[in-house]
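Working notes, beginning with the structure itself.
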Amino acid sequence: MHRIVVNRKFAGKEVGSDLIKWAVERAKEKGKKRIRFDCLARNVGLNRYYQKWYRRVGIADIYGQHSKYEMEL
């Protein structure tokens, strides 16, 4: 997944989680085994949000530090 952004006027309406659920279903349909995504490591709020449901598997140090997440399907 890449560059999912939700307009702030829709914050708290589950738009982000609905987009992730949609991506999971499409990946499953295509026979994928996992989804990987990342976000800036310094974005504390987004990392907190992701860590509620997804496992952080590391930090990439390419073009700045990025928290790497992965989910098995």
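According to the numbering used here, the sequence shown is numbered sequentially starting from 867. Glycine included, C-beta positions come from ideal geometry on N, C-alpha and C. Note that the coordinates shown come from a computational prediction; the quantities given were computed from them, not determined experimentally.
Opening and closing residue of the beta strand (DSSP E) in which residue i lies
i, result
"residue 923", "921-927"
"residue 939", "Note, residue 939: premise wrong, no beta strand (DSSP E); not H, not E."
Neighbourhood of residue i by C-beta, 7 Å cutoff - its chain only, sequence neighbours within 5 removed
i, result
"residue 905", "912, 913, 916, 932, 933"
"residue 882", "870, 872"
Neighbourhood of residue i by C-beta, 8 Å cutoff - its chain only, sequence neighbours within 5 removed
i, result
"residue 899", "938, 939"
"residue 925", "907, 931, 932, 933, 934"
"residue 921", "935, 936, 937"
Per DSSP, the bridge partner or partners of residue i
i, result
"residue 901", "937"
"residue 912", "Looking at the DSSP assignment, residue 912 forms no beta bridge with any residue, so it has no partner."
Proximity test, residue i beta-carbon vs the ligand ZN heavy atom, cut-off 7 Å
i, result
"residue 879", "Of the ligands one can find in the structure shown there are none, so the ligand ZN has no counterpart to examine."
Residue i - containing alpha helix (DSSP H), residue span
i, result
"residue 889", "881-895"
Contact set for residue i: own chain, Cβ-Cβ below 6 Å, skip 5 residues either direction
i, result
"residue 923", "934, 936"
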